[in-house]
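Undergrad: The structure follows.
Dropping the structure here:
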């Protein structure tokens, strides 16, 4: 018998009711904005990815759905010659946790905005950010913080310097740890070490409101990243006037979580005192082209399991349900 | 929102012995009476901020889980555990080397030539990474303390361990034959606490950096 058993959460009455209430509220919000529900199979048809929860069906190794985005992408590319512009989903995903105490089964609600190749994406990015801004109110979160980032702020300088593979991964891991000294260690002896270290310092120097974008001026790649900066600036100008009360907007230049997947703007939702982000998303324009479709995509998912845990441990962060 | 006491995880042992005097007289000085007791949660000179005294090997887990918002731990421990936490600064103190150590007279080439090399260590991850870089294979003997005895008593051909002054090695007739890496104290933060409450955590982190660097 295994000593360590994976953590599959069972929900008792209060949590089960809360999960259904939140799922209904979030899917209602998404549907009211034109997002139509898709429900991909629980069992993956594609090759079993690393991190998926695997099991045997007779002699066949199969895996449970480990992420909605990949499962939806398969369903969409098989089922549609042209992309449906707005899709939503709700349900469970199953994946091996990073920390041993995290659950294997997690409940999520999310959405995806898909566009034909070449269509301007700025409007779609702002649309997703506006939707995410409405979510704390839907869930009864008294206060929340929305982090705006952009994966290209790290991706483009690394690509411009010809950094790929293990060295690129080491720099990204160091940035994810917010450890500029580790960036310098990883790049020791590399011709672009001084430039990339200075860029890392600029990205890590602030974690605050719109003024954070000024930190990019001290980066050696400020010119290269002019378009990304303008994109973030425009997004902030569109979002700040409609910021709901009790929602704070922060610019997080060093957001590299999921950098292998995200290609542009990123969104993360936090609550004060939360140990983990409560929703996450961004632009991932390489997903559909890799599957043979010239479509662009961005989306986010709300991590209901983490919200349920937070509601149990910090009920003071939530309004009483009406 | 309820403002809970902020906890900072401090290491016990060698690193803690260096750390505690550095905090004396600062807003994060540890309560002297509590330090003399067996209590592991110690008030600091700042109300609402307390210290947890933890073994280095456990400390990153407390921070990664968000129990403690900040912590100080050796980079050797961080590299071995690879937990999901932020590493805000290299504090510089507690500097030591992670070294391959063998009995005097045994060279690195002699160890390389062994058909079946056995290394005793409590740093298997760093040792495996070094072996891969060097193109070597070895059997690792996991030990959690007193590794210096292993080569003397025939449990292993050599050890991979932290060396600060070299005094313990010398006392056991061992010498460093290769340096695998360097370690020093690092300021770490819980990802959630730092990113969701930077206004609360960052001033404390800045204070620790200003005091300890």
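Residue numbers (full-length UniProt numbering), protein chains in the order written: chain Y, 1 to 322; chain U, 1 to 213.
The beta carbon of each residue, even a glycine, is placed where N, CA and C say it ideally should be.
I need the DSSP call for residue 70 (chain U), collapsed to helix, strand or coil.
TA: By one-based count along the second chain, residue 70 (chain U) stands at place 70. The answer is strand: DSSP assigns residue 70 (chain U) an E or B state.
Undergrad: How long is the line joining the alpha carbons of residue 97 (chain U) and residue 186 (chain Y), rounded to whole angstroms?
TA: Residue 97 (chain U) sits at position 97 when you count from the first residue of the second chain. Residue 186 (chain Y) sits at position 186 when you count from the first residue of the first chain. Computed Cα separation, rounded: 18 Å.
Undergrad: Pop quiz: residue 112 (chain Y) and residue 72 (chain Y) are said to be a contact at Cβ under 8 Å. What is the actual Cβ separation, rounded to whole angstroms?
TA: One-based indexing of the first chain puts residue 112 (chain Y) at position 112. One-based indexing of the first chain puts residue 72 (chain Y) at position 72. About 6 Å separates the two Cβ atoms, so the contact holds.
Undergrad: I'd like the list of long-range same chain contacts for residue 11 (chain Y), defined as Cβ closer than 8 Å, with 5 residues on each side in sequence excluded.
TA: Locating residue 11 (chain Y) in the first chain gives position 11, where the first residue counts as 1. Closer than 8 Å at the Cβ level, and outside the excluded window around residue 11 (chain Y), lie 19, 308.
Undergrad: Any beta carbon of chain U sitting closer than 8 Å to that of residue 98 (chain Y)?
TA: Position 98 of the first chain, counted from the first residue, corresponds to residue 98 (chain Y). Answer yes: the Cβ-Cβ gap between residue 98 (chain Y) and chain U drops below 8 Å somewhere.
Undergrad: Buried or exposed, going by whether 16 or more other CB atoms sit within 10 Å of the CB of residue 37 (chain U)?
TA: Looking up residue 37 (chain U) in the second chain gives position 37. With fewer than 16 other Cβ atoms within 10 Å, it is exposed.
Undergrad: Going by the beta-carbon positions, is the gap between residue 28 (chain U) and residue 44 (chain U) smaller than 8 Å?
TA: In the second chain, residue 28 (chain U) corresponds to position 28, counting from 1. In the second chain, residue 44 (chain U) corresponds to position 44, counting from 1. Yes. Within cutoff.
Undergrad: Quick check on the burial criterion: 16 or more other C-beta atoms within 10 angstroms. Buried or exposed for residue 122 (chain U)?
TA: Working through the second chain from its first residue, we reach residue 122 (chain U) at position 122. Counting Cβ neighbours within 10 Å, residue 122 (chain U) comes out buried, since at least 16 surround it.
Undergrad: For a contact meaning CB atoms closer than 7 Å, what does residue 90 (chain U) contact in chain Y?
TA: Residue numbering aside, residue 90 (chain U) sits at position 90 when the second chain is read from its first letter. Residues of chain Y passing the Cβ test: 181.
Undergrad: Name the residue from Y:137, Y:59, Y:221 whose alpha carbon lies nearest to the alpha carbon of residue 325 (chain Y).
TA: Because chain Y is modelled from 1 through 322, residue 325 (chain Y) falls outside the range shown and cannot be assessed.
Undergrad: So with Cβ pairs under 8 Å, would you call residue 165 (chain Y) a contact of chain U?
TA: As a working mapping, residue 165 (chain Y) is identified with position 165 in the first chain. With 8 Å as the cut-off, residue 165 (chain Y) does not count as an interface residue toward chain U.
Undergrad: With distances taken from CA atoms, which of Y:82, Y:94, Y:142, Y:109 is nearest residue 323 (chain Y)?
TA: Residue numbering for chain Y in the displayed model covers 1 to 322; residue 323 (chain Y) lies beyond these limits and cannot be assessed.
Undergrad: Note down, one range per segment and in chain order, each beta strand (DSSP E) of at least 3 residues found wholly within the stretch 58-120 of chain Y.
TA: Whole beta strand (DSSP E) segments, 3+ residues: 60-63, 86-94, 105-116.
Undergrad: Taking Cβ positions, are residue 22 (chain U) and residue 212 (chain U) nearer each other than 8 Å?
TA: As a position in the second chain, residue 22 (chain U) is number 22, starting the count at 1. As a position in the second chain, residue 212 (chain U) is number 212, starting the count at 1. Their beta carbons are under 8 Å apart, which means residue 22 (chain U) touches residue 212 (chain U) by this criterion.
Undergrad: Leaving out the 5 sequence neighbours to the left and right, which residues in its chain are closer than 6 Å to residue 144 (chain U) when beta-carbon positions are compared?
TA: By one-based count along the second chain, residue 144 (chain U) stands at place 144. Correct list, in chain order: 122.
Undergrad: If you drop the 5 nearest sequence neighbours on each side, which residues of the same chain put their C-beta closer than 7 Å to that of residue 282 (chain Y)?
TA: Position 282 of the first chain, counted from the start, is the residue given in the question as residue 282 (chain Y). Result list for residue 282 (chain Y): 151, 262, 264, 265, 266, 267, 298, in chain order.
Undergrad: Any idea if residue 24 (chain Y) is buried or exposed, counting beta-carbon neighbours within 10 angstroms, 16 or more meaning buried?
TA: Stepping through the first chain from its first residue, residue 24 (chain Y) is reached at position 24. Label assigned to residue 24 (chain Y): exposed.
Undergrad: Excluding the 5 residues preceding and the 5 following residue 224 (chain Y) in the sequence, name in chain order all residues of the same chain whose CB lies nearer than 8 Å to its CB.
TA: Mapped onto the first chain, residue 224 (chain Y) falls at position 224. So the qualifying residues of the chain are 156, 157, 160.
Undergrad: Which residue's Cα is closest to the Cα of residue 209 (chain Y): Y:277, Y:148, Y:306, Y:194?
TA: Taking the first residue of the first chain as 1, we reach residue 209 (chain Y) at position 209. Out of Y:277, Y:148, Y:306, Y:194, Y:148 has the C-alpha closest to the C-alpha of residue 209 (chain Y).
Undergrad: Could you give the DSSP three-state label for residue 11 (chain U): helix, strand or coil?
TA: Numbered from its first residue, the second chain carries residue 11 (chain U) at position 11. Strand.
Undergrad: Suppose contacts are defined by Cβ-Cβ distances below 8 Å. Is residue 38 (chain Y) in contact with residue 75 (chain Y) by that definition?
TA: As a working mapping, residue 38 (chain Y) is identified with position 38 in the first chain. As a working mapping, residue 75 (chain Y) is identified with position 75 in the first chain. Result yes, Cβ atoms of residue 38 (chain Y) and residue 75 (chain Y) sit closer than 8 Å.
Undergrad: Compare the beta carbon distance of residue 64 (chain U) and residue 90 (chain U) with 8 Å and say whether it is the shorter of the two.
TA: Position 64 of the second chain, counted from the first residue, corresponds to residue 64 (chain U). Position 90 of the second chain, counted from the first residue, corresponds to residue 90 (chain U). Taking 8 Å as the Cβ cut-off, residue 64 (chain U) and residue 90 (chain U) do not qualify as a contacting pair.
Undergrad: Using alpha carbons as the reference points, say which of U:159, U:188, U:186 lies closest to residue 179 (chain U).
TA: Numbered from 1 along the second chain, position 179 holds the residue referred to as residue 179 (chain U). With distances taken between Cα atoms, residue 179 (chain U) lies closest to U:159.
Undergrad: Mind listing the chain U neighbours of residue 22 (chain Y)? Cutoff is C-beta to C-beta under 8 Å, in chain order.
TA: In the first chain, residue 22 (chain Y) corresponds to position 22, counting from 1. Neighbours of residue 22 (chain Y) on chain U: none; closest Cβ ~20 Å, over 8 Å.
Undergrad: For the stretch 211-221 of chain Y and the stretch 123-134 of chain Y, state whether three or more C-beta atom pairs, one from each stretch, are separated by less than 8 Å.
TA: No, the stretch 211-221 of chain Y does not touch the stretch 123-134 of chain Y.
Undergrad: From what residue to what residue does the alpha helix (DSSP H) around residue 126 (chain Y) run?
TA: As a working mapping, residue 126 (chain Y) is identified with position 126 in the first chain. Where residue 126 (chain Y) is concerned, the enclosing alpha helix (DSSP H) stretches over 122-139.
Undergrad: Along chain Y, which residues have their Cβ under 7 Å away from the Cβ of residue 196 (chain U)?
TA: Walking along the second chain from the start, residue 196 (chain U) turns up at place 196. Residues of chain Y passing the Cβ test: 145, 270, 271, 272, 273, 274.
Undergrad: Are residue 251 (chain Y) and residue 175 (chain Y) touching if we call contact CB-CB under 8 Å?
TA: Taking the first residue of the first chain as 1, we reach residue 251 (chain Y) at position 251. Taking the first residue of the first chain as 1, we reach residue 175 (chain Y) at position 175. No.
Undergrad: Grouping DSSP H, G and I as helix and E and B as strand, with all else coil, what is residue 139 (chain U)?
TA: Taking the second chain and counting its residues from 1, the one referred to as residue 139 (chain U) is at position 139. Of the three classes helix, strand and coil, the one that applies to residue 139 (chain U) here is strand, per DSSP.
Undergrad: With a Cβ-Cβ cutoff of 8 Å, do residue 195 (chain U) and residue 70 (chain U) count as a contact?
TA: For the purposes of this step, residue 195 (chain U) is taken as the residue at position 195 of the second chain. For the purposes of this step, residue 70 (chain U) is taken as the residue at position 70 of the second chain. No, these two residues do not count as a Cβ contact at 8 Å.
Undergrad: Going by the CB atoms, is the gap between residue 144 (chain Y) and residue 247 (chain Y) shorter than 8 Å?
TA: By 1-based counting over the first chain, the position of residue 247 (chain Y) is 247. By 1-based counting over the first chain, the position of residue 144 (chain Y) is 144. Going by C-beta atoms, residue 247 (chain Y) is nearer than 8 Å to residue 144 (chain Y).
Undergrad: Hey, is residue 84 (chain U)'s beta-carbon within less than 8 Å of any beta-carbon in chain Y?
TA: The residue given as residue 84 (chain U) occupies position 84 in the second chain. Answer yes: the Cβ-Cβ gap between residue 84 (chain U) and chain Y drops below 8 Å somewhere.
Undergrad: Taking DSSP as the reference, what is the three-state secondary structure of residue 160 (chain U)?
TA: Walking along the second chain from the start, residue 160 (chain U) turns up at place 160. Strand.
Undergrad: Under 8 Å between C-beta atoms, does residue 56 (chain U) make it to chain Y?
TA: Translated into positions along the second chain, residue 56 (chain U) becomes position 56. Judged by the 8 Å Cβ criterion, residue 56 (chain U) is not in contact with chain Y.
Undergrad: If you draw a straight line from the C-alpha of residue 94 (chain U) to the C-alpha of residue 15 (chain Y), how long is it?
TA: Numbered from its first residue, the second chain carries residue 94 (chain U) at position 94. Numbered from its first residue, the first chain carries residue 15 (chain Y) at position 15. Straight-line Cα distance between these residues: approximately 47 Å.
Undergrad: Which residues in the same chain have their Cβ closer than 8 Å to the Cβ of residue 126 (chain U), if we skip the five residues on either side of it in sequence?
TA: Here residue 126 (chain U) refers to the residue found at position 126 when the second chain is read from its first residue. Result list for residue 126 (chain U): 76, 79, 80, 98, 160, 180, 181, in chain order.
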